[in-house]
Each structure stands twice: as structure tokens, then as C-alpha cells.
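Visitor: Residue numbers (the numbering used here): 128 to 353.
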């Protein structure tokens with residue numbers, strides 16, 4: 128089983144490595160965006176690909192197809208375990224659907240206690256663009272919504288931070304180490320949301336590195352005591 132709290136400290140290992148679930152959907156665009164941000168990327172297609180990464184992106188695409196493919200290659204439970212054990216994860220559109228809960232397909236990853244309804248705005252023809260005013264950003268972010276989901280419940284939880292709304296619905300949420308977007312930032316040239324996620328990864332990776340060094344120091348002290 129992958130222990131997500133054992134990812135290395137980027138301050139010691141050079142550039143952080145961010146995994147991108149590469150089973151279906153817009154993963155090449157996320158990889159391009161992350162590389163433009165100056166980090167290493169890894170395509171995640173099997174459980175062992177989750178080892179020694181500082182974060183994971185689950186892209187937009189077809190959520191049911193991604194779920195079925197992940198189950199088929201033994202990756203579904205590894206993704207769930209990694210998310211619940213503390214690996215920072217950024218889910219966009221279908222990725223947000225998989226990370227949350229939903230009455231129409233209850234067997235999702237359920238890494239966050241948030242209910243997400245797929246295709247909430249309608250079919251492909253009902254896709255749209257909108258200028259989004261997001262927390263911490265001085266200028267609007269161009270949101271691309273394609274068969275987008277809606278976050279229906281759970282955003283009011285105390286551990287949820289709503290970073291943006293559209294027509295009263297949360298479109299960007301941070302829940303601890305998890306970042307959810309119901310739109311597609313990878314379809315724009317704007318890297319601000321990817322950089323926000325990388326800041327989350329660096330913060331958590333630094334904490335994990337401190338924990339590992341503290342454990343190593345305690346272990347050495349115990350050895351020296353004998």
C-alpha cells in the first residue's frame with residue numbers, strides 16, 4: 128500500500144514531482160501546465176506510480192470511464208488510500224466528481240465529504256465560459272465549464288474553504304489537502320490555480336519531511352541510549 132505521507136522533501140530532492148492520473152481525459156494539458164510551472168511530472172497509470180510524488184492531479188474527462196479504468200488496473204483503492212493518507216490532490220471537473228460523493232454513483236473515491244452532481248448544467252451543448260472572481264486573485268479567472276458538475280452539499284463544512292462561486296454554487300474549494308474545481312483551468316494559459324496547488328504540495332511536503340527527520344532523530348536517539 129502506498130504511504131502518501133512518505134513523499135520526499137523537495138528542498139532535498141530538487142524539483143517536486145507531481146503525478147497526473149493519465150487514464151483518460153485532459154491529462155496532457157495538465158502535464159503541460161505543470162511543466163510550465165517548473166515541476167517534474169509523472170503519468171500515473173498503476174499503483175506504484177504514486178510512490179514518491181508530492182501531489183496528484185485528477186483531470187477532467189469522463190468520470191465513469193476513469194473510475195472503471197482505475198478499478199480495472201488496480202488503481203482505484205490506491206488512489207483512495209493516498210488521498211485519505213494525506214497526499215495533496217487537485218481534481219478538476221471529472222476529478223472533482225471522483226474525489227467527492229454522489230447519490231447516482233455512491234462508489235466514488237469519497238476522499239472529501241462533499242456531494243458533487245455530474246453534468247449538472249446539461250449536455251455538451253450547454254457548456255459555457257464565465258469570468259470567475261476567486262479568492263486571493265486580483266483579476267478574474269476565465270472559467271471553462273464543459274458538462275460541468277455542481278457541488279451540492281458539504282461546502283458549508285468548517286474544514287472547507289470556498290475560493291470561488293458562480294451563480295451561487297461553489298466552483299473552487301479547498302478541503303485540507305484537497306483542491307476541487309468544477310471547471311477546466313488546464314484549458315487556459317492562466318497558471319494561477321496550478322500554482323496555488325503547487326504551494327499546497329510544497330507546504331505538505333515540507334511538513335512530511337520534518338516528520339520523517341523527527342522520526343529518524345528519535346530513532347537514532349533510541350539507538351544511542353543502548
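Where is the CB? At the ideal position from N, CA and C, for every residue including glycine.
Do residue 280 and residue 241 have their C-beta atoms closer together than 9 Å?
Guide: If you number the chain shown from 1, residue 280 lands on position 153. If you number the chain shown from 1, residue 241 lands on position 114. Yes. Within cutoff.
Visitor: Assign residue 222 to one of three DSSP states: helix, strand, or coil.
Guide: Along the chain shown, read from residue 1 onward, the residue named residue 222 stands at position 95. Three-state result, residue 222: helix.
Visitor: Between the C-alpha atoms of residue 168 and residue 296, what's the straight-line distance to the nearest angstrom?
Guide: Residue mapping note: residue 168 aligns to position 41 of the chain shown, counting from 1. Residue mapping note: residue 296 aligns to position 169 of the chain shown, counting from 1. Taking the straight line from one Cα to the other gives about 31 Å.
Visitor: Expressed to the nearest angstrom, what Euclidean distance is found between the alpha-carbon atoms of residue 226 and residue 239?
Guide: One-based indexing of the chain shown puts residue 226 at position 99. One-based indexing of the chain shown puts residue 239 at position 112. If I take the Cα positions, the gap works out to 6 Å.
Visitor: Just confirm the distance between the C-beta atoms of residue 310 and residue 275, as a whole number of angstroms; I'd bet it's less than 8 Å.
Guide: Residue mapping note: residue 310 aligns to position 183 of the chain shown, counting from 1. Residue mapping note: residue 275 aligns to position 148 of the chain shown, counting from 1. Indeed they touch by this definition, with Cβ atoms about 6 Å apart.
Visitor: Are residue 206 and residue 177 touching if we call contact CB-CB under 9 Å?
Guide: For the purposes of this step, residue 206 is taken as residue 79 along the chain shown, with counting starting at 1. For the purposes of this step, residue 177 is taken as residue 50 along the chain shown, with counting starting at 1. Contact flag set, yes.
Visitor: Would you mind listing the beta strand (DSSP E) stretches within the region 140-223 that are 3+ residues and don't spill past its ends, in chain order?
Guide: Fully enclosed beta strand (DSSP E) runs of 3 or longer: 144-148, 167-171, 182-185, 216-219.
Visitor: Which residues bound the beta strand (DSSP E) around residue 288?
Guide: Position 161 of the chain shown, counting from 1, holds the residue named residue 288. It spans 287-293 - the beta strand (DSSP E) in which residue 288 sits, taken as one unbroken run.
Visitor: If you follow the beta strand (DSSP E) that residue 296 is in, where does it begin and where does it stop?
Guide: Along the chain shown, one-based indexing puts residue 296 at 169. From DSSP, the beta strand (DSSP E) with residue 296 extends over 296-302.
Visitor: From the DSSP output, which residues share a beta bridge with residue 277?
Guide: Mapped onto the chain shown, residue 277 falls at position 150. For residue 277, which the question treats as bridged, DSSP gives the partners 244.
Visitor: Per the DSSP calculation, residue 269 is bridged to which residue(s)?
Guide: Taking the first residue of the chain shown as 1, we reach residue 269 at position 142. Answer is 258.
Visitor: According to DSSP, simplified to helix, strand and coil, what is residue 236?
Guide: Taking the first residue of the chain shown as 1, we reach residue 236 at position 109. Here residue 236 sits in coil by DSSP.
Visitor: Roughly how many angstroms separate the alpha carbons of residue 197 and residue 258, rounded to a whole number?
Guide: Numbered from 1 along the chain shown, position 70 holds the residue referred to as residue 197. Numbered from 1 along the chain shown, position 131 holds the residue referred to as residue 258. C-alpha separation (whole angstroms): 33 Å.
Visitor: Out of 157, 216, 152, 203, which one is the CA nearest neighbour of residue 302?
Guide: For this step, residue 302 is matched to residue 175 along the chain shown. Closest by alpha carbon: 216.
Visitor: Report all residues from its chain with a CB closer than 6 Å to the CB of residue 260; omit the five preceding and five following residues, and keep chain order.
Guide: By one-based count along the chain shown, residue 260 stands at place 133. Only 267 meet the Cβ criterion.
Visitor: Can you give the Cα-Cα distance for residue 315 and residue 273, rounded to whole angstroms?
Guide: The residue you call residue 315 lines up with position 188 of the chain shown. The residue you call residue 273 lines up with position 146 of the chain shown. Distance between the alpha carbons of residue 315 and residue 273 is about 13 Å.
Visitor: Beta-carbon separation of residue 175 and residue 221 under 9 Å?
Guide: In the chain shown, residue 175 corresponds to position 48, counting from 1. In the chain shown, residue 221 corresponds to position 94, counting from 1. No. Outside cutoff.
Visitor: Could you tell me which residues DSSP puts in a beta bridge with residue 306?
Guide: Position 179 of the chain shown, counting from 1, holds the residue named residue 306. Answer is 217, 301.
Visitor: Looking only at C-alpha atoms, which of 147, 151, 152 sits nearest to residue 158?
Guide: Start at 1 with the first residue of the chain shown, and residue 158 comes out as number 31. Among 147, 151, 152, the Cα nearest to that of residue 158 belongs to 147.
Visitor: Rounded to whole angstroms, what is the Cα-Cα separation between residue 193 and residue 243?
Guide: Numbered from 1 along the chain shown, position 66 holds the residue referred to as residue 193. Numbered from 1 along the chain shown, position 116 holds the residue referred to as residue 243. Approximately 16 Å between the Cα atoms of the pair.
Visitor: If we ignore side chains and look at the alpha-carbon of each, how far apart do residue 191 and residue 236 end up?
Guide: Translated into positions along the chain shown, residue 191 becomes position 64. Translated into positions along the chain shown, residue 236 becomes position 109. Cα-Cα distance, rounded: 12 Å.
Visitor: Going by the C-beta, is residue 256 closer than 8 Å to any heavy atom of the ligand MN?
Guide: Summarising the ligand content, the structure contains no ligands, and the ligand MN is consequently not present.
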